[in-house]
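Chemist:
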Amino acid sequence: MVDNPLAQARLTVLRDARTEPAAFRAALTELTTMLVYEAARAFPFSTYPIRTPVAPTEGTRLARPPLLVPVLRAGLGMADAALALLPGCQMGFVGLARDEETFAPRAYLESLPSDLTGLPALVLDPMLATGGSLEHCCRLLVARGCADITVLCVLAAPEGIARLTAADLPLRLVTAAVDDRLDARRFIVPGLGDAGDRQFGLM
Ligand code: PRP
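Per full-length UniProt numbering, the sequence shown starts with residue 1, numbered consecutively.
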């Protein structure tokens, strides 16, 4: 949980129903920077020799830059911020739309490297509601050999966390908040509404 007050202030902007799409996208970008920064504490790194203007010393770099995987649509709003902090990363894309009657994810895009053996993944999706979408996405990654998944969310519902835990996937979740519950429409309560619609307008 990233409960830093700067992160929580951006989350408040996202939650506020009065926030317009441009301000919503800006707050999501800033919050994603903070989520990536916190998630990266667990990333393995290696050292290598460098020389400052004064003396030799040791430099640090990520040992294995992760594959970035925004889950379309809403995860697109996290992609630029993640790539800015991790400019050397490859990016894959998964497109999922939740059926509003069955609440199951419908897959419409899968653009991923065929072999992810040895490559960690950083999955970007602002919302973990029932968990169906993120479970689907993570299973796609595991089927390609990925064994190290970090999921970045803005908001998670307890139901979604329970589902991902039961799915027994090699993942850890970094989120800015765990909310109370899901409502009858499987929206997160209190949540922030539909993160895709709030960024890009109603579809
Ligand atoms: C939202 C959200 C997640 C998913 C969460 O996307 O961005 O991907 O729903 O719900 P779940 O945990 O119950 O699967 P949506 O399907 O609305 O598509 P969008 O990103 O195009 O708005």
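Note that beta-carbon positions come from the ideal geometry of N, C-alpha and C, so glycine has one too.
Relative to the C-alpha of A81, which candidate in V123, G160, T130, L192 has its C-alpha closest?
Modeler: The residue labelled residue 81 in the question sits at position 81 within the sequence shown. Of the listed residues, the one whose Cα sits closest to A81 is V123.
Chemist: Report the residue from V154, V13, A156, L173 whose alpha carbon sits nearest the alpha carbon of C138.
Modeler: Start at 1 with the first residue of the sequence shown, and residue 138 comes out as number 138. If we check each option's Cα against that of C138, L173 comes out closest.
Chemist: Where do the ends of the beta strand (DSSP E) carrying T150 lie?
Modeler: The sequence position of residue 150 within the sequence shown is 150, counting from 1. Where T150 is concerned, the enclosing beta strand (DSSP E) stretches over 149-156.
Chemist: Can you give the Cα-Cα distance for F24 and A177, rounded to whole angstroms?
Modeler: Residue mapping note: residue 24 aligns to position 24 of the sequence shown, counting from 1. Residue mapping note: residue 177 aligns to position 177 of the sequence shown, counting from 1. So the two alpha carbons sit approximately 17 angstroms from each other.
Chemist: So the beta strand (DSSP E) residue 204 belongs to, where does it begin and stop?
Modeler: The chain is shown only over 1 to 203; residue 204 falls outside these bounds and no answer can be derived.
Chemist: Would you please state the rounded distance, in angstroms, between the beta carbons of L67 and F43? I believe it to be under 8 angstroms.
Modeler: Residue mapping note: residue 67 aligns to position 67 of the sequence shown, counting from 1. Residue mapping note: residue 43 aligns to position 43 of the sequence shown, counting from 1. Incorrect: roughly 13 angstroms between the Cβ atoms, too far for contact.
Chemist: Just to check, is the beta-carbon of V71 closer than 7 angstroms to a non-hydrogen atom of the ligand PRP?
Modeler: Taking the sequence shown and counting its residues from 1, one reaches residue 71 at position 71. Because some heavy atom of the ligand PRP lies under 7 angstroms away, the Cβ of V71 counts as near it: yes.
Chemist: Rounded to whole angstroms, what's the CA-CA distance from L192 to L83? Just pull it up for me.
Modeler: Position 192 of the sequence shown holds residue 192. Position 83 of the sequence shown holds residue 83. Distance between the alpha carbons of L192 and L83 is about 24 angstroms.
Chemist: Just to confirm my understanding: we take L164, look at its own chain, exclude 5 residues before and 5 after, and list those with CB closer than 8 angstroms. What are they?
Modeler: Here residue 164 is taken as the residue at index 164 of the sequence shown, counted from 1. Scanning its chain for C-beta atoms nearer than 8 angstroms, with the 5 sequence neighbours on each side dropped, one finds around L164 the residues L128, G131, L134, E135, C138, V151, L171, L173, in chain order.
Chemist: Closest by CA to G201, which one among A74, Q90, P87, P5?
Modeler: For this step, residue 201 is matched to residue 201 along the sequence shown. Closest option to G201, Cα to Cα, is A74.
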